[in-house]
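Below is one structure, written out as structure tokens; comments come after it.
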Amino acid sequence: AGLVRVSRARAQQSFSPRKDVSPQVRASAPWLPGLPAAEAHEATLGKIKSFPKDDPSKPPHLTAFMSYKAGMTHIVRDVDRPGSKLHKKEIAEAVSILEAPPMIVVGFVGYVETPRGLRALTSVWAGHLSEECKRRFYKAWHKSKQKAYTKYHKRWADASKEGSPMAAEIDRAKKYCQVIRAICHTQVGKVKLGQKKAHIKEIQING
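Just so you know, we're using the numbering used here here: the sequence shown kicks off at -8 and counts up by one.
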């Protein structure tokens, strides 16, 4: 009887449940996009992986713009692809429709080039931030005291009485920084998303 018990135990061990033999793939349809929460959130927003190379001869300009996907449609166009069978023929293609309300610049960050990459040297914020921008700094806006950047605004107001506010930081960025990136946020209230939190990104200024 003892031998029978041992063999049954071994049989149970050898035929383990499916989760031990072949774990379920977490990237299947019910668990899309199959990424950790932070990565999935970043994937929905879109990420600027690299900015174009700076050309000092051109006037200063933004190198990116934030927009929202409003829908899709299709277009009919002529193909200009020499060597292809479709060359100079009409094709129908799917296209996305983007809604791009005006962005607001609320500050900038100055970067210094080092052997290990860019290092942030200084940052300057605007004297007034809109509510939709401040909402991004809180997880639960209605439960919070809503005091983000109040001390910074007071410093800005005091400095503006004496002269140009944050002049020292701006001069420091002009003197030492090789890369300037604007801190921009969207006006999410102008898009019918049912959302009040603005999206904030750093966008490089070239030229």
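Heads up, the beta-carbon is just placed ideally off N, CA and C, and yes, glycines get one too. Treat the numbers as computed from the prediction; the structure is a model and nothing was measured.
| query | result |
| --- | --- |
| Have a look at the DSSP bridge pairing and note the partners of residue 124. | Partner(s): none; residue 124 has no beta bridge. |
| In whole angstroms, what separates the C-alpha of residue 137 from that of residue 178? | 19 Å |
| Who are residue 99's beta bridge partners in DSSP? | 115 and 173 |
| Given a cut-off of 7 Å on the beta-carbon distance, is the pair residue 50 and residue 154 in contact? | no |
| Is it buried or exposed for residue 102, if we count other Cβ within 10 angstroms and need 16 for buried? | buried |
| Under a three-way DSSP split, which group does residue 45 fall into? | coil |
| Report all residues from its chain with a CB closer than 6 Å to the CB of residue 150; omit the five preceding and five following residues, and keep chain order. | 156 |
| On the three-pair Cβ rule with 8 Å, is the region 164 to 178 touching the region 99 to 119? | yes |
| Sort 140, 108 and 62 by Cα distance to residue 122 and report the nearest one. | 140 |
| Taking DSSP as the reference, what is the three-state secondary structure of residue 187? | coil |
| Does DSSP put residue 88 in a helix, in a strand, or in coil? | strand |
| Under 7 Å between the Cβ atoms of residue 159 and residue 96? | no |
| Identify, in the order they occur along the chain, each residue of the same chain with its Cβ nearer than 8 Å to the Cβ of residue 66, setting aside the five sequence neighbours on each side. | 83, 84 and 86 |
| Indicate the three-state DSSP secondary structure (helix, strand or coil) for residue 139 in the structure shown. | coil |
| Applying the criterion that 16 or more other CB atoms from any shown protein chain within 10 Å of the CB defines a buried residue, is residue 184 buried or exposed? | exposed |
| My guess is that residue 81 and residue 68 are in contact by the Cβ rule of under 8 Å, so how many angstroms apart are they, rounded? | 7 Å |
| Classify residue -3 as helix, strand or coil using the three-state DSSP reduction. | For residue -3, the predicted model reports a pLDDT of 46, less than 50, meaning its position is unreliable and no value from the coordinates is stated. |
| In angstroms, rounded to a whole number, what distance separates the CA positions of residue 181 and residue 191? | 15 Å |
| Any idea what DSSP makes of residue 196, helix, strand or coil? | strand |
| Enumerate in chain order the residues of its own chain whose CB-to-CB distance from residue 143 is below 8 Å, with the five nearest sequence positions on each side excluded. | 116 |
| Where residue 64 and residue 42 are concerned, what is the direct C-alpha to C-alpha distance, given to the nearest angstrom? | 29 Å |
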